[in-house]
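In this note's numbering, the protein residues as written are 263 to 405.
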Amino acid sequence: MKTEGQTIRTYRPKSWHAAHNVTLLIFHLQLTIKYRLAIINDMLSGLVKAAILYAAFLHGIKIGRIGTDKNHAHVFMQLPPTMSISQAAHYLKGISSRIIRLNMPCLKIILSNAFWSGGFWCVTVGDSWEKVDQYIKEQGIDA
């Protein structure tokens, strides 16, 4: 049975205003579980979302929506103008991996020292953010 992705909160991207610039840096990031293991269920999905939100909060990344499927997570995010995409992915993957492995010690047996795979996929969203938001919302988990 496919369940609809849960909305973390309704988010409408707004420009980031600084002293001498205005930016709107919106991205769709996909993080894949190590070895592409299909282990995300409803319980782990909630932990993954909470861990990513916490990591984003620590580093000033605005999260619009997080969706999970069996072996990956989609993150709709807005970055501060001083942060690169690779920095953001590093922060989100590193902190969330640690939180997930601390709360689910059984995963250490399967995944050893990392929850996420080594890479990531990211694309700029631009004016099509509503389509990306809808796509992430439709991500689901087969129970």
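Note that beta-carbon positions come from the ideal geometry of N, C-alpha and C, so glycine has one too.
Requested in this report: Classify Thr330 as buried or exposed, calling it buried when 16 or more other Cβ atoms lie within 10 Å of its own Cβ.
Outcome: Buried.
Query raised in the report: Start and end of the beta strand (DSSP E) containing Phe289?
Result: 288-294
Query raised in the report: Closer than 8 Å, CB to CB, is Gln396 near chain C or not?
Result: The question asks about chain C, but that chain is absent: this structure has only one protein chain.
Query raised in the report: How is the beta strand (DSSP E) around Arg327 delimited, first residue to last?
Result: 324-330
Query - Close beta carbons around Ala300, own chain, < 7 Å, minus the five adjacent residues each side - result: Lys332, Asn333
Query - Limits of the unbroken alpha helix (DSSP H) element including His336 - result: From DSSP, His336 is part of no alpha helix (DSSP H) but of the beta strand (DSSP E) over 334-340.
**Report entry** Coarse secondary structure for His321, derived from DSSP in three states
**Finding:** helix
Requested in this report: Could you pull out every unbroken beta strand (DSSP E) segment of at least 3 residues lying fully inside the stretch 364-393, listed in chain order?
Outcome: 383-386
Query raised in the report: Leaving out five residues before and five after Ile295 in sequence, what residues of the same chain have Cβ atoms less than 6 Å from its Cβ?
Result: Here Ile295 has Asn333 as same chain residues with Cβ atoms under 6 Å from its own Cβ, once five neighbours each way along the sequence are excluded.
**Report entry** Classification of Lys211 by the beta-carbon crowding that lies within 10 angstroms, buried from 16 upward
**Finding:** Residue 211 lies beyond the residue range present for the chain, which begins at 263 and ends at 405; the question has no answer from this structure.
**Report entry** Whole-Å CB distance - Ile323 paired with Ala350, under 8 Å assumed
**Finding:** 6 Å
Query raised in the report: Looking only at its own chain, which residues have a Cβ that is under 8 Å from the Cβ of Lys370, when we skip the five neighbours before and after it?
Result: Arg363
Query raised in the report: What did DSSP end up calling His279 once you bin it into helix, strand or coil?
Result: strand
Requested in this report: Sort out for me which residues DSSP pairs Thr285 with in a bridge.
Outcome: Trp278
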